[in-house]
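Protein sequence lines correspond, in order, to chains A and B.
Per this note's numbering, the first sequence starts with residue 162, numbered consecutively.
Per this note's numbering, the second sequence starts with residue 1025, numbered consecutively.
In what follows, a structure is listed as structure tokens, so that the remarks can point back to it.
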Amino acid sequence: MKISVKGPARDLAAFFLLGARRRRHFRRATSAPPAAGAMNRLAEKLHPGRLELAVESVRFETPDTRTFRLTRHGGGELPYFRAGQYLSLKPDIAGNRITRPYSITSLPENALDPGFYEITIRKRDGGFFTGHVWETWEAGSRIESSGPLGWFGYEPLRDAKNLVFLAGGCGITPFKPMAADILGSFPDVTILLLYGITDRGSIIFKDDLSAIEEAYPARFRVVYVDSGPAASGCDDRRVFETGFIDRRIIARYVSSPRDATFYVCGPPAMHRLVESEVGSFGLAPGRIRREAAGDTIDVAAEPGYPAEKHGRQYRLTVHSAGGICTIPARAAESVLQSLERAGLAPPSECRSGECGYCRSKLLSGKIYGINNHHGRRMADAGFGYFHPCSSYPLSDLEISVPVDPFVRRT
Amino acid sequence: MKPQEQRHFDAVIIGSGMGGLGAAVELAMNGAGTLLLEQHNLPGGYATSFVRGRFEFEPSLHELGSAGFVESEKRGLKKYFEDEIGADIAFARVPEAYRLILTEKKIDVNVPFGIDAFIQTVDKQVPGGGRHAERYLSLCGEIIAALEYLAEAGSAADKRKLLQDYGNFLRTSPYTMREVADSLKIPREVLDLLYPYFCYIGVPESRQSFMLFGALLYSYIAYGAVIPRMRSHEIASAMIAKFEEHGGLFEANTKVEKILVRKGRAVGVETSRGETILCDTVVSNAGPPLVYGGLISPETEVPPTALRNLNARILGPAGFVVYLGLNSSARELGLSSYSYFISPHMDTDVIYESMKQFEGPLMQASVCLNAAIPDCSPPGTTILSLTTVYTPGVWDSVTPADYFTLKNRLAGKMISQFEEATGVKLRGHIEEIEVATPQTFSRYTGTYNGSIYGWEPEPWDSIIPRALSEEKERYIDRLYFCGGYGFRTHGFSGALFSGRKTARDIISGLPGKEVTV
Ligand SMILES: Cc1cc2nc3c(=O)[nH]c(=O)nc-3n(C[C@H](O)[C@H](O)[C@H](O)COP(=O)(O)OP(=O)(O)OC[C@H]3O[C@@H](n4cnc5c(N)ncnc54)[C@H](O)[C@@H]3O)c2cc1C
Ligand SMILES: Cc1cc2nc3c(=O)[nH]c(=O)nc-3n(C[C@H](O)[C@H](O)[C@H](O)COP(=O)(O)OP(=O)(O)OC[C@H]3O[C@@H](n4cnc5c(N)ncnc54)[C@H](O)[C@@H]3O)c2cc1C
Ligand code: FES
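What follows is the structure in structure tokens.
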């Protein structure tokens, strides 16, 4: 079969003239340099790799909790975000460059106008970073940060219209902006907040939450669940429950749990309790949303962890940025923490195993992975990659760690 | 760590997409001292994956065509991975070509792989149409044969042999899909069944190079397609492992901010970490719009002809994808196919125009991964991704404050379109959802304006003209390109093999070096 489009001779001529046609197109074009891509600019606005922030003011929430208002160093708008997201702060404390995630407690629109984020930090006894903050942070202090990160938040295509927020202690932080933002944007959504506390005298965001309740009386309700020593059963039932958040308390306020989406943020013990309690309602898996847990404080309490290793010390041989060094590592600390302690400034964001930003290569040795390396990509298991933030050494290790993109080469 | 002195490499590669990886592995295997720099924390560019909850999603790849896994003869990617570089990657077969649902035309048909089966399906759908499909496909087969001959023969290609054996190829290559279909007098109802893969290039029949489309159609239909079992991150990881095994150095989280050019010759790069690295050759997997639009330093070294070359092209479409992790099995949901091509009709010019509107894109190309890899997600769950494309520019006016609401609304529209066309209920089963917009693609790969397929391949800018002018269009000495903007145009294997070819060109230009494969 011989095929021709415009006559065999013309077709062949057209083929051999393709190059000339090409050059003609080029000749007719201008030599103006391409404009910066609008999508590249939008990406930079929404997801800048790094932010240089400065503390504008400090607010005292409770005796051990402070809210810091952060603005862009030099002024200007900050990246917009989804209520529920966090910042990964990148402090350098006496030569130790570490990272710490903190939920943004201000509203998304404030990031654009007038241009601030707030984060609310509870001081931890002997806390390495929080201690440093309490000692040194004041108006004008500068702090390097990631842009907004994380996947905890309301998603209308996925979530139910009845939302149940389960907060414990300073796990209330993402819920404050989430409540205000969701209620303001989605008129058909109702929210119940069950807020686990231990001291009625010092509840983080009590006034802010009351204000939101007043603004949306029919759609927002806060119930404090007091497990503290002073808790008594006879208080005003509309506001206080006593004990821990359990299925009995939930059932009292949520008539049909299967038609709700639950969000959990709090200490690990609360996560465990709540999950088994909420689990008893037989919800579809996606109906329980969990905020990233952060550093595991007590790896020995994790299922399957070989207890006999806990007190050991190991050596890590680390390849990074074209060099090699050997550093000590405690079995009880994550590989990430050992790298940070040694001043190697490894990259990290969620510190929970889920984001993959700390992804490194295990060249030799054995590790324990929290939740069986839940956030790791399938192929990574086969090629020997792991997440140092949620992995603990069980032997001496040799690893290869990527550089942090924003730490200048020395 | 010890501070290091100035580093020097035979070659520095900017970017580890399929193009950069193809070049990197080939250079390292041939003993060139090679540094591969990647701005992201993972290699792969579009060849990657991401995890949400219980699901690991494939961000881009629908199917690898012409992969050589189905034919009796080992060829294409299979030969490359297994024999050339020795990478062990597990692939799964894509079960059928596509389920085509044209809602306005009331067409809903499962189109199989295999030339004969395909022709029979067309004939059943359009009585008497089979012989048109047969003619069309047979011409497409000649295109593939000619391209294979040209690839094999390289510069030794013989004009007389071309005229004798590949006349149809020569006579149709200068034309568009429309021009060729008109001359063959293919009825519209048959074209409706032949054209759905148009969405993999995103250029309408009035301008799309027939040759390129014909090659793509034939390779899918005749040879079938595969998909890596552990998402395309597996391909990228396997290639990095090979690269490192052969002595290559891969550094992630490192963006190249400048390509240093002195008197028309590329001499090195400067990175986001403040390092200047010198080299004999720079290979860029970052596309020409990025390179000539900001990376060349000093700017005065950008040749005006390079900019003309760039401005003469039209940037191909930007992606929009809704990734769904569903909490029921594919069978429970009623998802029985792998590829769903859904559109009101198959008038590609009208579809192309719709890509210029926010609410517009009429066509979606959606994939249920479990149909090829049943255990790609936990038992009782399903991964479904819905993809459409926009003309670059449509999203330009989007502000950060609108961004989330907008992408959510558009995702909702695509979900509804899928639900209405297939009768499958997705809402109520969504356990995880993630939406990638043109911004997202720019964010992760740096691609110019979210474009995912590079330049639109019109006939004068299709494979042959690109390949013939590569050398002439190397405007800066020792600066090579690889990847989707290269002569093979976009697609995983195109990008990969363009990288391999670039590496071979570099190696054969080095004194005393010969290509070993
Ligand atoms: C998504 C997310 C959001 C969060 N949001 C909030 C919030 O809104 N408010 C809030 O208060 N908290 C929040 N947290 C917890 C917060 O990130 C910190 O974990 C917490 O403030 C404790 O910090 P710290 O450094 O004081 O505690 P530490 O207990 O001192 O720090 C944790 C680890 O640092 C290591 N360390 C000690 N010394 C060194 C050293 N010299 N070098 C390197 N490492 C060392 C220790 O091994 C210790 O286990 C959030 C966590 C996550 C994951
Ligand atoms: C939604 C979608 C679906 C697709 N479906 C298919 C399909 O079914 N089949 C198929 O074959 N193809 C498909 N493709 C196309 C395919 O993914 C691409 O054509 C191919 O992967 C492109 O490879 P590349 O090497 O050209 O570029 P990229 O993948 O873009 O790689 C470029 C790399 O360079 C890096 N880089 C850029 N600038 C710099 C810098 N300055 N410094 C350092 N690093 C830099 C980037 O981070 C990136 O890693 C699809 C694409 C998308 C988005
Ligand atoms: S920092 Fe997120 S996985 Fe390790």
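A virtual CB, placed ideally from N, CA and C, is assigned to each residue, including glycine.
Query	Result
For the region 451-506 of chain A, list the beta strand (DSSP E) runs that are entirely contained and at least 3 residues long, ordered along the chain.	474-481 and 484-491
At least one CB of chain A closer than 9 Å to the CB of B/K1380: is that the case?	no
Could you give the first and the last residue of the continuous beta strand (DSSP E) run that contains A/E316?	Taken as a continuous stretch (DSSP letters only), A/E316 belongs to no beta strand (DSSP E), as it is neither H nor E.
Against B/I1454, what residues of chain A qualify as contacts under a CB-to-CB distance less than 8 Å, listed in chain order?	L318, R319 and G447
Near A/Y263, which residues of its chain fall below 7 Å by C-beta distance, leaving aside the five closest residues on each side in sequence?	Y247, L248, L250, I280 and I282
Residues of the region 245-270 of chain A with a CB closer than 9 Å to any CB of chain B: list them in chain order, please.	P269 and E270
In the structure shown, what three-state DSSP assignment does B/Y1219 receive?	coil
Output needed for B/V1539: all residues of its chain with C-beta closer than 7 Å, excluding positions within five of it in sequence on either side, in chain order.	Unreliable placement is indicated for B/V1539, whose pLDDT of 43 sits below 50; no coordinate value is reported for it.
Return the first residue and the last residue of the beta strand (DSSP E) that A/S218 is part of.	L212 to T223
Where B/V994 and B/P1481 are concerned, what is the direct C-alpha to C-alpha distance, given to the nearest angstrom?	Missing from the structure shown is residue 994 of chain B; chain B here goes from 1025 to 1541 and no further.
Using a cut-off of 8 Å between C-beta atoms, extract the partners of B/Q1463 located in chain A.	M200, L203, A204 and L207
Please report the straight-line C-alpha distance between B/T1411 and A/V384, rounded to a whole angstrom.	43 Å
B/S1353 and A/M539: beta carbons closer than 9 Å?	no
What three-state label does DSSP hand B/V1374 in the structure shown?	helix
Mind checking B/V1541: buried by the 16 CB within 10 Å criterion, or exposed?	With a pLDDT of only 36 at B/V1541, under 50, the local geometry of the prediction cannot be trusted, and the value read off the model is given with reservation. So B/V1541 counts as exposed.
Just to confirm, does A/I576 get its C-beta within under 8 Å of one of the non-hydrogen atoms of ligand 1?	Chain A is shown from 162 up to 571; residue 576 of chain A falls before or after that span and cannot be answered.
Regarding B/Y1376 and ligand 2, is the C-beta to nearest heavy atom distance less than 8 Å?	no
Are the region 302-311 of chain A and the region 228-240 of chain A touching by the rule of at least three beta carbon pairs closer than 8 Å?	yes
In whole angstroms, give me the CA-to-CA distance for B/T1469 and B/Y1070.	7 Å
Under a three-way DSSP split, which group does A/C516 fall into?	coil
How many Å lie between A/I259 and A/F567 at the Cα?	13 Å
Could you have a look at B/H1032 and say whether DSSP puts it in helix, strand or coil?	strand
Taking B/Q1388 as part of the beta strand (DSSP E), name the residues at either end of that continuous run.	Q1388 to C1392
Do you know whose CA, among B/I1397, B/H1514 and B/F1428, lies nearest B/S1486's CA?	B/H1514
So, using beta-carbon positions, are A/C486 and A/L327 closer together than 9 Å?	no
Mind checking B/R1297: buried by the 16 CB within 10 Å criterion, or exposed?	buried
Tell me the rounded alpha-carbon separation between A/D349 and A/G455.	33 Å
At the 9 Å Cβ level, is B/L1483 part of the contact set with chain A, yes or no?	Going by the sequence as given, residue 1483 of chain B is Pro instead of Leu. Output row for B/P1483: interface = yes.
Does A/D541 have its Cβ less than 9 Å from a Cβ in chain B?	yes
For B/C1303, does the three-state DSSP call read helix, strand or coil?	strand
Taking Cβ positions, are B/H1064 and B/I1301 nearer each other than 9 Å?	no
Below 6 Å CB to CB, which residues in the same chain sit around B/C1164 once its five sequence neighbours on both sides are set aside?	G1238, L1241 and Y1242
Pull up the distance between the alpha-carbon of B/R1467 and that of B/A1460, whole angstroms please.	10 Å
Name, please, each residue of chain B whose Cβ falls closer than 8 Å to the Cβ of A/P508.	N1065 and N1277
Helix, strand or coil for B/R1332? Go by DSSP, reduced to three states.	helix
Answer yes or no: does any C-beta atom of chain B fall closer than 9 Å to that of A/S165?	yes
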